[in-house]
Each structure stands twice: as structure tokens, then as C-alpha cells.
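**Student:** Each residue of the sequence shown is one higher than the one before, starting from 18 at the first, in this note's numbering. Can you read through this structure? Questions will come right after.
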Amino acid sequence: MGLFEPIFAALDEAGVRYVVVGGVAVVLHGHARLTADLDIAIDLAPQAARDAIDGLQRLGLRPRVPVDASDFADPEVRARWIADRDMRVLSLWDPANPMRSLNLFVENPIDFEELWIGSEVVDLDDMQIRVASKQPSDGWEADRLARLTNGLEATPAQRLAWLEEAIEFAHRAGALPRGRPDRSPPGGPRDEARR
Numbered sequence: 018m019g020l021f022e023p024i025f026a027a028l029d030e031a032g033v034r035y036v037v038v039g040g041v042a043v044v045l046h047g048h049a050r051l052t053a054d055l056d057i058a059i060d061l062a063p064q065a066a067r068d069a070i071d072g073l074q075r076l077g078l079r080p081r082v083p084v085d086a087s088d089f090a091d092p093e094v095r096a097r098w099i100a101d102r103d104m105r106v107l108s109l110w111d112p113a114n115p116m117r118s119l120n121l122f123v124e125n126p127i128d129f130e131e132l133w134i135g136s137e138v139v140d141l142d143d144m145q146i147r148v149a150s151k152q153p154s155d156g157w158e159a160d161r162l163a164r165l166t167n168g169l170e171a172t173p174a175q176r177l178a179w180l181e182e183a184i185e186f187a188h189r190a191g192a193l194p195r196g197r198p199d200r201s202p203p204g205g206p207r208d209e210a211r212r
């Protein structure tokens, strides 16, 4: 299983409604984009948020900032994070694999119900995931530079492995074709067509 599938599986198992947004959503729509992490908007109702955090912590994901992840379920705490820390997302990462990085929006820049209804269902192997159907607004991109910087903490080998995973992920989701361009030797069909 790749970098992202365990995250989707954990949220599905917990019964949490979520929508993939940001760079991974762009990739799933078939556009080339290198992104350092997964951005997800979830239903922020207290029980749903609690279930999401519990499932993600079971995967080994930990906050990048010194906060108690379980506080994410409390709307008042999230409001304080926004007011006191200017926190827009709770960034979680896997210490065992720095390329497994996830951002949960502390406050959804777009109404979640609207986002959910407008999302598209994408088949990915034996699961279905919801992906934002429109180009995200500037609100989704506010934290982009910090997230890219966090991705630089990985070693070159980890980055290359992540890129290979991202390409395979896009293939499995049907966003990229599997075929390769014709690489006929000189004098082959492509060479004949040029003459």
C-alpha cells in the first residue's frame, strides 16, 4: 500500500466524510503537479473530527507543532489555534516516513457540505475517495510554501520513492494513462513517419 491509501482507509473505517483538495486533487484530475503532502477537508462536527484524529493517530501520524491532536475535535480549541497561532491546518506526519504528510483544515475555507456535494468520486483500487471537483480557491493554498519546506526534510531517496508512489497512485486512480510513447529504434515506424 502506498503513502496515501492507509490514510483514506483509516478515514473510511472511522466513517469520516472527507474530500481530497490541493495538489493531490489536481493530480487525481490528471494534471502534473508535484506536491509534498495530502490536503484533506473533513466534516468538522466534533464526533467526526474525533473519529478522524483517532484513526490517523492509529496510523502513527503526529502533529508537527506542539499541540495535542485530540484537541482538534474541539471547535473552541480550533478557534483559539486560528486566533492565537494563525493556524489554518493541522499538519500531521509520520516520523517513520517523512513523506507521509497530511494537512487537515482547522476551518474549511469552503463550506464542507457544499464541498462534499460538489466533489467527485474517484475509484482507487478497492476504495473510493472523494476529490474536490473545482480548482481550489486561494484559501486552500495559504499554507503551501510551509508544506513544501516540510517536504525538504526527507532524504533524496525518500523524495524519489515518493515521486514514484505519486505516479503509481495517479495511474491506479486512472488520472494518467499506462501506455508509453513509441520508442522505436532509428529506421522504425516513428522514423519512417518523419520522412
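Ideal Cβ positions, reconstructed from N, Cα and C, are used throughout, including at glycine.
#1: How far does the alpha helix (DSSP H) with V94 in it extend, from its first residue to its last?
#2: Rounded to the nearest angstrom, how far is the Cβ of G32 from that of D71, given a contact under 8 Å?
#3: Roughly how far, in whole angstroms, is the beta-carbon of V148 from the beta-carbon of V37, given that I think they are within contact range, below 8 Å?
#4: Rounded to whole angstroms, what is the Cα-Cα separation between E130 and E124?
#5: Taking only beta-carbon positions, decide if Y35 is within less than 9 Å of chain C.
#6: With P63 as the anchor, note down where its alpha helix (DSSP H) starts and where it stops.
#7: When you compare only the Cα positions, how much space is there between E185 and R117?
#8: Looking at the structure shown, is I27 part of a helix, part of a strand, or coil, going by DSSP?
#9: Could you name the residues that DSSP lists as bridge partners for P80?
#10: Under 9 Å, do D60 and W133 count as touching if we go by C-beta distance?
#11: Taking the continuous beta strand (DSSP E) assigned at V38, which residues delimit it?
**Tutor:** Considering the structure as presented:
#1: Looking up residue 94 in the sequence shown gives position 77. Element bounds for V94: 92-102.
#2: Taking the first residue of the sequence shown as 1, we reach residue 32 at position 15. Taking the first residue of the sequence shown as 1, we reach residue 71 at position 54. About 11 Å separates the two Cβ atoms, so there is no contact after all.
#3: On the sequence shown, residue 148 is found 131 positions in, with the first residue counted as 1. On the sequence shown, residue 37 is found 20 positions in, with the first residue counted as 1. Right, the Cβ-Cβ distance comes to about 5 Å (below 8 Å), so this counts as a contact.
#4: For the purposes of this step, residue 130 is taken as the residue at position 113 of the sequence shown. For the purposes of this step, residue 124 is taken as the residue at position 107 of the sequence shown. The straight-line gap from Cα to Cα measures roughly 13 Å.
#5: Structure shown: chain C not included; a single protein chain is present.
#6: Taking the first residue of the sequence shown as 1, we reach residue 63 at position 46. Its alpha helix (DSSP H) spans residues 63-75.
#7: The count along the sequence shown starts at 1 and reaches residue 185 at position 168. The count along the sequence shown starts at 1 and reaches residue 117 at position 100. Going from the Cα of E185 to the Cα of R117 covers about 15 Å.
#8: Here residue 27 refers to the residue found at position 10 when the sequence shown is read from its first residue. Looking at the sequence shown, residue 27 is not Ile but Ala. Helix at A27.
#9: Residue 80 sits at position 63 when you count from the first residue of the sequence shown. Per DSSP, L109.
#10: Here residue 60 is taken as the residue at index 43 of the sequence shown, counted from 1. Here residue 133 is taken as the residue at index 116 of the sequence shown, counted from 1. It is a contact, given that the beta carbons lie within the stated cut-off.
#11: Looking up residue 38 in the sequence shown gives position 21. 35-38 is the extent of the beta strand (DSSP E) around V38.
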